[in-house]
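The block underneath contains the structure these notes are about, expressed in structure tokens.
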Ligand code: UGA
């Protein structure tokens, strides 16, 4: 907790990754937090001091600030808040993005006649703040979130930028004050720019990943080529940067796949289709198929083979399997008649996949050991097993593996 600051009472609606991390971080700055979620089970668990998600450092931060954190399923608790963040989910829909939880949160605030500044943190398409104003009469601020799962607390405390969009200068000032402790540069702009900055950022990251994955496909066909060396050489140019140039199975998770699809649909309806984003999605959709085809081309049919997959989560340091490429890989390999057993450092169950208790148990008697998620601890495993080691995340020294992404066969 930070001494000598003007403290606020901050309401957070929606206690998923973004909401809960924001609650913990702002409580740690000394603010009083009231977190509201319509899921009573979640509230019960949070009240008993347990986190509802796996995120490094989050349990500790919640416990350290327990006296400043109140959780409730009642919106009325928000009446005493000085400012409110909307952090509800914005799931996929055939129209691109489903905004029903955002609209319903604002509808509840309207009914309660909440007059305090409200910011949308959820990822929403440009024009959403405008639609909220039309529907409910509430003029809100757009304050998109850029944290990553696995490093969420660090990212929230040390963001590269704070984006605040809106019309009402007084409301904007309240949110500038809340994030002042980060010392990050602030972009103060329109709601629409703020909303689009979030989508353009995630889309660009997705494009970078798909770009390097296409270069990886090319490297696989050129003798003496290795995508990691190519990426290293590219990344030294500061205009390119080395980040998000790690070739592999492609991007998964609840954000990049969903957000690229949503902005593509949105751009289509606006009449300015984002063709590069479209291509990035198509490249990404082919990653698992490409990997399995390559394995079968090298080693023959996977039917009846025993396959160990290391990692099920969509990336390291999370237990999130939403749109996980590793999970998709397990299903694809199984569909070809192989027996799949997976291991993940934090996930001990995964729908439809047999999960081993240890990496050794997973690898034992397997014909193939495939790295599907980039968990750092897989680097230290003893791979002196009969199975062929296939590195689909380029985690290991290339000498240690039989087949690696972006390396000529
Ligand atoms: C992403 C963005 O990075 C965050 O800035 C954003 O706030 C968040 O979405 C969101 O919209 O909420 P996240 O989905 O947590 O964060 O994870 P990333 O670290 O971006 O990784 C996404 C996927 O890309 C993972 O499957 C990862 O394995 C893959 N990836 C990442 C690569 O294949 N190569 C890379 O070089 C980097």
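In the working numbering, the protein residues as written are 14 to 422.
Don't be surprised by glycine CBs; every beta carbon is placed ideally from N, CA and C.
{"Query": "Quick one: is the Cβ of residue 264 within less than 8 Å of any heavy atom of the ligand UGA?", "Result": "yes"}
{"Query": "Can you tell me whether residue 158 sits near the ligand UGA, meaning its C-beta is under 8 Å from at least one heavy atom of the ligand?", "Result": "yes"}
{"Query": "According to DSSP, is residue 15 helix, strand or coil?", "Result": "In this prediction, residue 15 has a pLDDT of 49, which is less than 50 and means its spatial position is unreliable; what the coordinates show is noted afterwards. Of the three classes helix, strand and coil, the one that applies to residue 15 here is coil, per DSSP."}
{"Query": "Under the criterion of a Cβ to heavy atom distance below 8 Å, does residue 36 qualify as lining the ligand UGA?", "Result": "no"}
{"Query": "Within the continuous beta strand (DSSP E) that includes residue 323, where are the two ends?", "Result": "319-323"}
{"Query": "Just the C-alpha distance for residue 353 and residue 344, rounded to the nearest angstrom, thanks.", "Result": "8 Å"}
{"Query": "Let me know the secondary structure DSSP gives residue 85 once reduced to three states.", "Result": "strand"}
{"Query": "Indicate whether residue 195 and residue 176 have their beta-carbon atoms separated by less than 9 Å.", "Result": "no"}
{"Query": "Which residues mark the beginning and the end of the beta strand (DSSP E) in which residue 158 is found?", "Result": "Here residue 158 belongs to no beta strand (DSSP E), and DSSP marks it neither H nor E."}
{"Query": "Considering only the alpha carbon of each residue, which of 291, 329, 268 lies closest to residue 336?", "Result": "268"}
{"Query": "Less than 9 Å separating the beta-carbons of residue 355 and residue 400?", "Result": "no"}
{"Query": "Comparing the CB of residue 342 with every heavy atom of the ligand UGA, is any distance shorter than 8 Å?", "Result": "no"}
{"Query": "Is it the case that the CB of residue 268 approaches a heavy atom of the ligand UGA more closely than 8 Å?", "Result": "yes"}
{"Query": "Between residue 262 and residue 276, which are expected to be in contact by the criterion C-beta below 8 Å, what is the C-beta distance as a whole number of angstroms?", "Result": "Rounded, the Cβ-Cβ distance is 22 Å, inconsistent with contact."}
{"Query": "Can you give me the Cβ contacts of residue 304 inside the same chain, cut-off strictly under 6 Å, excluding the 5 residues immediately before and after it?", "Result": "405"}
{"Query": "Hey, quick one: how far does the beta strand (DSSP E) through residue 381 stretch, first residue to last?", "Result": "381-384"}
{"Query": "Starting from residue 355, trace the beta strand (DSSP E) both ways and give me its first and last residue.", "Result": "352-356"}
{"Query": "In or out: residue 324 buried (at least 16 other Cβ within 10 Å) or exposed?", "Result": "buried"}
{"Query": "Quick one, which of 180, 64, 119, 272 has its alpha-carbon nearest residue 138's?", "Result": "272"}
{"Query": "Using 8 Å as the cut-off, classify the Cβ of residue 31 as near or not near the heavy atoms of the ligand UGA, replying yes or no.", "Result": "yes"}
{"Query": "Quick check on the burial criterion: 16 or more other C-beta atoms within 10 angstroms. Buried or exposed for residue 256?", "Result": "exposed"}
{"Query": "Among the candidates 20, 147, 69, whose CA atom is the shortest distance from the CA of residue 33?", "Result": "69"}
{"Query": "Given residue 244, which residues of its chain have a CB within under 8 Å of its CB, disregarding the five upstream and five downstream residues?", "Result": "225, 228, 255, 258, 259, 260"}
{"Query": "Note the first and the last residue of the continuous beta strand (DSSP E) segment covering residue 141.", "Result": "Here residue 141 belongs to no beta strand (DSSP E); instead the alpha helix (DSSP H) covers 141-149."}
{"Query": "On the three-state DSSP scale, how would you describe residue 285?", "Result": "coil"}
{"Query": "Among 127, 294, 311, 62, whose alpha-carbon lies nearest the alpha-carbon of residue 8?", "Result": "In the structure as shown, the chain starts at 14 and stops at 422, and residue 8 therefore has no counterpart that could be examined."}
{"Query": "Between residue 301 and residue 166, how many whole angstroms is the CB-CB distance? I'm expecting something under 8 Å.", "Result": "Going by Cβ atoms, the distance from residue 301 to residue 166 rounds to 31 Å, so no, they are not a contact pair."}
{"Query": "For residue 144, which residues from the same chain have a beta carbon less than 8 Å from its beta carbon, with the 5 sequence-adjacent residues on both sides left out?", "Result": "112, 116"}
{"Query": "Using a 10 Å radius around the Cβ and a threshold of 16 neighbouring Cβ atoms, would you call residue 282 buried or exposed?", "Result": "exposed"}
{"Query": "Span of the alpha helix (DSSP H) holding residue 188?", "Result": "182-191"}
{"Query": "Consider the C-beta atom of residue 272 and the heavy atoms of the ligand UGA; say whether any pair is separated by less than 8 Å.", "Result": "yes"}
{"Query": "Can you grab the Cα-Cα spacing for the pair residue 15 / residue 146, in whole Å?", "Result": "Per-residue confidence for residue 15 stands at a pLDDT of 49, beneath the threshold of 50, marking its modelled position as unreliable; the derived number appears in the next sentence. About 35 Å."}
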